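Novice: Just passing along the structure, written as structure tokens.
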Amino acid sequence: MKITEFYVSNFRSLSEVNLKDLGGFNIVVGYNGYGKTNLLSSIYLFVRNLSAGIEKRSVEDRNQDLILIWQGYNVNKPVILGGKVEFSPEEAAKIIGKNQKVTLEVVNKIRYVNNYVEWSLDTLYVNGSPPGEDDLKIAKKLAEYASQSIEYVPIFDQTYFDEILRRMTDMNKSPINLRKYWYDFVNLVSATIPEIRGMEFWDGRRLVLNVYNLPIYIDLAASGFQRVILMLFIIWLSGNKILLVEEPEVNMHPTLQAKIMKLIKNWTDNGILQAFLTTHSPYIVEMSADSYIVMRRINGSSTAITVKPTQDLRSSINLLNTNLSDILFSRIIILTSELAEPAVIINWLKRLNIDVEDHGIGIFKVSSDIELQNWLRLRNTLNLDIIFFGLCDKIDISLRDYCVPLGYEVENFYSKQALLEVLRKLGISLDEKEIRDLGKEDNLRWLVNVLKKRGIEYDKIRMPIGRLITSIDTTEIPKEVEMLAVKIKSLQAEL
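Residue numbering for the sequence shown follows the working numbering, beginning at 2 and increasing consecutively.
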């Protein structure tokens, strides 16, 4: 069973999301507060209540808790949850006795009426057609099956953790003919985490790990071990299920992250389960996902797009000498012309109280027209928020509102004192004529000539020299950089 399409609107921070062509292994990325967890919650609510619209379900909101699912608590508009759920021929044979693939499309509306949450059916199709009486019975059976075939793994929840341990205990206590499933699970844990050489329950209730041949109760073990074992158990039980996982990398070493992701990818590739994972980990993003769900903010509300990691996409990223995670984890991207080095812009923005790391800003240099065209393609494909610095004459007029001009190389803004001090720290001794010539011509040409005499190509050390100079230089910041800071704050206000 898997979701191939999903739609949601007016749910928590999500204004409207329409995801199509979803794969088996789906990675959800986005800046903090962009709605990744809300997206997983909406998928869970949709599948768990797939038949609610058919049944015209109604739930009393006694404690005013359910009103929180409405965006901005505005109950005047309905919450809409919909999508297509595909069942394999084997599943369909088990559920409805027909050995054929079945696609169930359901769109439910949720309204808040007089302290009651009321579900109604907006759309229902079975294999692309409205159901007759017999197909309606089939739809109900499929929806009921789906509602029991989804697992949500939170970052950490003690009640959830205790429930998983209880399920482990039940499996361990199963009859002898079923105990092999427990031992298969123990072997899976040991294969994934070599430090754990076995597991067993003491006194029939407390799980003990054999860590380097020392017994340790699981509640006293490292939190990374706890979370991995919990996740592995859920994965182990998730055959033919949809698995939703919040930030699986939490408390995990990168090597362990890679092992868990390879396991999940292998199982999704083989159709054993479908997975949706939120993450902030570059190690997970660089895995070969079937789909990336990229969360974005527009006018204070969250939306999302589906991106397929095509060969064209990967080729564009490789050409830019960057990686997918650096791009997707940036809230705002600044592209600079060859007149500026990213490290220089970073230091100047910091003096203007804009720390690029705190604000989720990625800065990249564009060295050719080919690179710029690839960035523009990525902007459209990934729905990136980009500011162009010093590239105004090379972009379309429709993008001029996102551009800040830069007329000179950044070297021309360096002070003489800072420039001489950095060269001295680098062990470069200048003669009197070279010192006198500084200021007679532009700084860039002077630097190139001084270093060339010493057999050094300036281009190869331009970035570290710029970083050093702008970290100690106290002269006035160029007005172009101040304009860039204004543009950043203006764009942030829209997100």
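Don't be surprised by glycine CBs; every beta carbon is placed ideally from N, CA and C.
No experiment lies behind these values; they were computed from the predicted model shown.
#1: Tell me Asn211's beta-bridge partners as DSSP assigns them.
#2: Which stretch, first to last residue, makes up the alpha helix (DSSP H) that contains Arg472?
#3: Taking the alpha carbon of Tyr284 as the point to measure from, which residue in Trp268, Ala305 and Pro255 has its own alpha carbon closest?
#4: Please report the distance separating the alpha-carbon of Leu51 from that of Ser369.
#5: Kindly indicate which residue of Val251, Arg206, Trp237 and Val246 has the alpha-carbon position closest to the one of Ala223.
#6: Does the region 323-331 touch the region 390-397, meaning 3 or more C-beta pairs lie closer than 8 angstroms?
#7: Would you report the Cα separation of Leu82 and Val48, rounded to the nearest angstrom?
#8: Going by CA-CA distance only, name the one from Leu377, Ile335 and Arg380 that's closest to Phe365.
#9: Give a yes or no on whether the C-beta atoms belonging to Ile306 and Asn384 are separated by under 9 angstroms.
#10: Suppose the cutoff is 7 angstroms on Cβ atoms and the five residues either side in sequence are ignored; what does the same chain contact list for Ile470 look like?
#11: Between Phe157, Tyr35, Glu435 and Leu353, which has its C-alpha nearest Val246's C-alpha?
#12: Using the beta-carbon count (16 or more within 10 Å), is Thr304 buried or exposed?
#13: At a threshold of 8 angstroms, does Lys454 count as lining the ligand HEM (C-beta to nearest heavy atom)?
#14: Which two residues bound the contiguous alpha helix (DSSP H) that contains Lys141?
#15: What does a CB cutoff of less than 7 angstroms around Gln503 pick up in its chain, not counting 5 residues either side in sequence?
#16: Near Lys110, what residues of its chain come up, given a Cβ to Cβ distance below 6 angstroms and the 5 sequence neighbours on each side ignored?
#17: Check each candidate in Arg468, Lys488 and Glu483 and name the one with the smallest Cα separation from Arg401.
#18: Between the region 354-365 and the region 446-457, can you find at least three pairs of beta-carbon atoms closer than 8 angstroms?
#19: Mapping the DSSP letters down to three states, classify Lys490 as helix, strand or coil.
#20: Use the C-beta contact count for Thr475: other C-beta atoms within 10 angstroms, 16 or more gives buried, fewer gives exposed.
#21: Answer with buried or exposed for Asn381, where buried requires no fewer than 16 other C-beta atoms within 10 angstroms of its C-beta.
#22: Please report the straight-line C-alpha distance between Thr5 and Trp268, rounded to a whole angstrom.
#23: Determine the contact status of Leu244 and Gln275, defining contact as a CB-CB distance below 9 angstroms.
#24: Between which two residues does the alpha helix (DSSP H) harbouring Glu164 extend?
#25: Along the alpha helix (DSSP H) that carries Ile44, what are the first and last residues, could you check?
#26: Across which residues does DSSP place Ala276 in a beta bridge pair?
#27: Helix, strand or coil: which one does DSSP assign to Val482?
#28: Using 8 angstroms as the Cβ pair cut-off and three pairs as the minimum, do the region 163-179 and the region 196-214 touch?
#29: Cα separation between Asn173 and Trp183?
#30: Around the Cβ of Ala192, are there at least 16 other Cβ atoms within 10 angstroms (buried) or fewer (exposed)?
#31: Taking 9 angstroms as the threshold (C-beta atoms), are Leu278 and Asn27 in contact?
#32: Using three-state DSSP, classify Ser302 as helix, strand or coil.
#33: Less than 9 angstroms between the C-beta atoms of Leu233 and Ile261, yes or no?
#34: Are the CB atoms of Leu231 and Ile299 nearer to each other than 9 angstroms?
#35: Assuming Asn188 contacts Met2 (C-beta within less than 8 angstroms), just tell me the rounded distance between them.
#36: Pull up the distance between the alpha-carbon of Gln159 and that of Glu342, whole angstroms please.
Specialist: Short version:
#1: In the sequence shown, counting from the first residue as 1, residue 211 sits at position 210. Its beta-bridge partners are Pro216.
#2: Your numbering for residue 472 matches position 471 in the sequence shown. The sequence as given places Ser at residue 472; Arg does not occur at that position. Tyr459 to Ile473 is the span of the alpha helix (DSSP H), which, as asked, contains Ser472.
#3: Walking along the sequence shown from the start, residue 284 turns up at place 283. Closest by alpha carbon: Pro255.
#4: Counted from its first residue, the sequence shown places residue 51 at position 50. Counted from its first residue, the sequence shown places residue 369 at position 368. If I take the Cα positions, the gap works out to 51 angstroms.
#5: In the sequence shown, the residue the question calls residue 223 occupies position 222. The option with the nearest alpha carbon to Ala223 is Val251.
#6: no
#7: Numbered from its first residue, the sequence shown carries residue 82 at position 81. Numbered from its first residue, the sequence shown carries residue 48 at position 47. The straight-line gap from Cα to Cα measures roughly 9 angstroms.
#8: Residue 365 sits at position 364 when you count from the first residue of the sequence shown. Of Leu377, Ile335 and Arg380, the smallest CA-CA separation from Phe365 is found for Ile335.
#9: Along the sequence shown, one-based indexing puts residue 306 at 305. Along the sequence shown, one-based indexing puts residue 384 at 383. Taking 9 angstroms as the Cβ cut-off, Ile306 and Asn384 qualify as a contacting pair.
#10: In the sequence shown, the residue the question calls residue 470 occupies position 469. Counting only Cβ-Cβ distances below 7 angstroms, and skipping sequence neighbours, we find Tyr415, Ala419, Leu420 and Val423.
#11: As a working note, residue 246 is residue 245 in the sequence shown. Looking from the CA of Val246, the closest CA among Phe157, Tyr35, Glu435 and Leu353 belongs to Phe157.
#12: By one-based count along the sequence shown, residue 304 stands at place 303. With 16 or more other Cβ atoms within 10 Å, it is buried.
#13: Ligands in the displayed structure: none, and consequently the ligand HEM is not present.
#14: Within the sequence shown, the letter at position 140 stands for residue 141. Element bounds for Lys141: Glu134 to Ser148.
#15: No statement about residue 503 is possible, as the shown extent of the chain runs from 2 to 496 and does not include it.
#16: For the purposes of this step, residue 110 is taken as the residue at position 109 of the sequence shown. So the list reads Pro79, Ile81, Ser121 and Asp123, once near-sequence residues are dropped.
#17: Numbered from its first residue, the sequence shown carries residue 401 at position 400. That would be Lys488, whose Cα lies nearest to the Cα of Arg401.
#18: Counting Cβ pairs under 8 angstroms, fewer than three are found: no touch.
#19: Counting from 1 along the sequence shown, the entry for residue 490 is found at position 489. In the three-state scheme derived from DSSP, where H, G and I count as helix and E and B as strand, Lys490 is classed as helix.
#20: To locate residue 475, count along the sequence shown from 1; it is residue 474. Thr475 comes out exposed.
#21: Walking along the sequence shown from the start, residue 381 turns up at place 380. Asn381 should be labelled exposed.
#22: Numbered from 1 along the sequence shown, position 4 holds the residue referred to as residue 5. Numbered from 1 along the sequence shown, position 267 holds the residue referred to as residue 268. One C-alpha to the other measures close to 17 angstroms.
#23: In the sequence shown, residue 244 corresponds to position 243, counting from 1. In the sequence shown, residue 275 corresponds to position 274, counting from 1. Against a cut-off of 9 angstroms, the Cβ pair of Gln275 and Leu244 comes out as a contact.
#24: As a position in the sequence shown, residue 164 is number 163, starting the count at 1. Gln159 to Asn173 is the span of the alpha helix (DSSP H), which, as asked, contains Glu164.
#25: Position 43 of the sequence shown, counted from the start, is the residue given in the question as residue 44. It spans Lys37 to Arg49 - the alpha helix (DSSP H) in which Ile44 sits, taken as one unbroken run.
#26: Locating residue 276 in the sequence shown gives position 275, counting from the first residue. Ala276 is bridged to Phe26 and Leu244.
#27: Along the sequence shown, one-based indexing puts residue 482 at 481. Here Val482 carries a helix assignment [DSSP, helix/strand/coil].
#28: yes
#29: Within the sequence shown, the letter at position 172 stands for residue 173. Within the sequence shown, the letter at position 182 stands for residue 183. If I take the Cα positions, the gap works out to 6 angstroms.
#30: Position 191 of the sequence shown, counted from the start, is the residue given in the question as residue 192. So Ala192 ends up on the exposed side.
#31: The residue given as residue 27 occupies position 26 in the sequence shown. The residue given as residue 278 occupies position 277 in the sequence shown. Cβ distance < 9 angstroms, so Asn27 and Leu278 count as in contact.
#32: As a first step, residue 302 must be located in the sequence shown, where it is residue number 301. In this structure, Ser302 counts as strand in the three-state DSSP scheme.
#33: As a position in the sequence shown, residue 233 is number 232, starting the count at 1. As a position in the sequence shown, residue 261 is number 260, starting the count at 1. Yes, these two residues count as a Cβ contact at 9 angstroms.
#34: Here residue 231 is taken as the residue at index 230 of the sequence shown, counted from 1. Here residue 299 is taken as the residue at index 298 of the sequence shown, counted from 1. No, they are not a contact pair.
#35: By 1-based counting over the sequence shown, the position of residue 188 is 187. By 1-based counting over the sequence shown, the position of residue 2 is 1. Between Met2 and Asn188 the Cβ distance is about 27 angstroms, and since that is not below 8 angstroms, they are no contact.
#36: As a first step, residue 159 is located in the sequence shown; it is residue number 158 there, counting from the start. As a first step, residue 342 is located in the sequence shown; it is residue number 341 there, counting from the start. Approximately 48 angstroms, taken between the alpha carbons.
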